[in-house]
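Numbering-wise, the sequence shown is residues 5 to 182 according to my numbering. Quick reminder that beta carbons are idealized off the backbone N, C-alpha and C, glycines included. Just so we're clear, the structure is a prediction, and the values are computed from it rather than from any experiment. The block underneath contains the structure these notes are about, expressed in C-alpha cells.
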Amino acid sequence: MKYILYRYKFVLLLILINACLYIISPESGIKSIHGTTQNLKEMMFIMPPIFILMGLLDVWIDKKTMTKFMGEHAGMRGVITALFIGSVAAGPGYMAFPFTEVLMKKNAAFTNILIFVGAWSATKIPISLFEASVMGWPFMILRYILDIPAIIIIAKITDILLSKHEKIQLYQARKKEI
Numbered sequence: 005m006k007y008i009l010y011r012y013k014f015v016l017l018l019i020l021i022n023a024c025l026y027i028i029s030p031e032s033g034i035k036s037i038h039g040t041t042q043n044l045k046e047m048m049f050i051m052p053p054i055f056i057l058m059g060l061l062d063v064w065i066d067k068k069t070m071t072k073f074m075g076e077h078a079g080m081r082g083v084i085t086a087l088f089i090g091s092v093a094a095g096p097g098y099m100a101f102p103f104t105e106v107l108m109k110k111n112a113a114f115t116n117i118l119i120f121v122g123a124w125s126a127t128k129i130p131i132s133l134f135e136a137s138v139m140g141w142p143f144m145i146l147r148y149i150l151d152i153p154a155i156i157i158i159a160k161i162t163d164i165l166l167s168k169h170e171k172i173q174l175y176q177a178r179k180k181e182i
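Structure below.
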C-alpha cells in the first residue's frame with residue numbers, strides 16, 4: 005500500500021487539489037476537473053503511437069548504426085541526424101524524454117541528445133508550417149537561422165560544462181531505472 009501511495013503521490017495530490025477546489029468553488033472545480041480530464045485524454049491519445057515508434061527505433065536500429073550516425077565520432081552527421089529526428093518528431097515536448105532514453109541506450113553522443121531535445125522543442129516541421137502561414141515565411145526562416153545555431157551552441161556548451169563523470173552518471177542512472 006505504501007508503495008502505491010508513494011508511486012502515485014502526484015496523481016493523488018492532483019485528485020485531492022481538484023476535490024478541495026470543487027468544495028471551495030464548484031465552478032472553478034468543474035473547470036479544473038474538465039482541464040485535467042482533457043489533458044489525460046490528450047496524453048492517452050498521443051502516448052501510444054510515440055511509444056510504438058520508440059519501440060521500433062529500439063528494435064530496428066541497432067547500436068552500431070546509431071553510434072555511427074549519432075555517436076561521439078559522428079561529427080556533423082550526428083548534429084544533422086539529431087536535428088532531423090527532432091524536427092520531424094510529433095507530439096508535445098514531454099514526449100522527447102523517453103526518446104532520449106533510447107538514444108542513450110544506443111550510445112548517442114550527449115551533445116547530439118541535447119541537440120535532438122532542442123530540435124524537438126524549437127524546429128518541429130508541422131508547427132513551423134503553421135507558423136509560416138500565420139507569421140510569414142521570412143519570420144519562420146529567420147527563426148530557424150537563429151534557433152539552429154543556438155541549439156547547437158547550447159548543446160556544445162552544456163557538454164563542455166558537464167564533467168565526464170557527470171555524463172557517465174547520467175547514462176548509468178538511465179540503466180538503473182530500467
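Helix, strand or coil at residue i according to DSSP, with G and I counted as helix
i	result
Leu107	helix
Glu184	No answer is possible for residue 184: it lies beyond the span of the chain, which begins at 5 and ends at 182.
Ile56	helix
Leu146	helix
Ser1	Outside the modelled stretch of the chain, which goes from 5 to 182, sits residue 1, for which no answer is possible.
Leu166	coil
Buried or exposed (CB count within 10 angstroms, at least 16 for buried), residue i
i	result
Lys128	buried
Thr69	exposed
Leu87	buried
Ser29	exposed
Ala177	exposed
Ile89	buried
Ala23	exposed
Pair within 8 Å by beta-carbon distance, residue i and residue j
i	j	result
Ala94	Ile119	no
Asn111	Gly82	no
Val106	Asp163	no
Leu44	Gly33	no
Met139	Phe103	no
Thr85	Phe73	yes
Ala123	Gly75	no
Met144	Ala136	yes
Leu18	Leu9	no
Met99	Ile50	yes
Taking 8 Å as the threshold, find out whether the segment 91–108 comes into contact with the segment 46–58 through three or more Cβ pairs.
Short answer: they touch.
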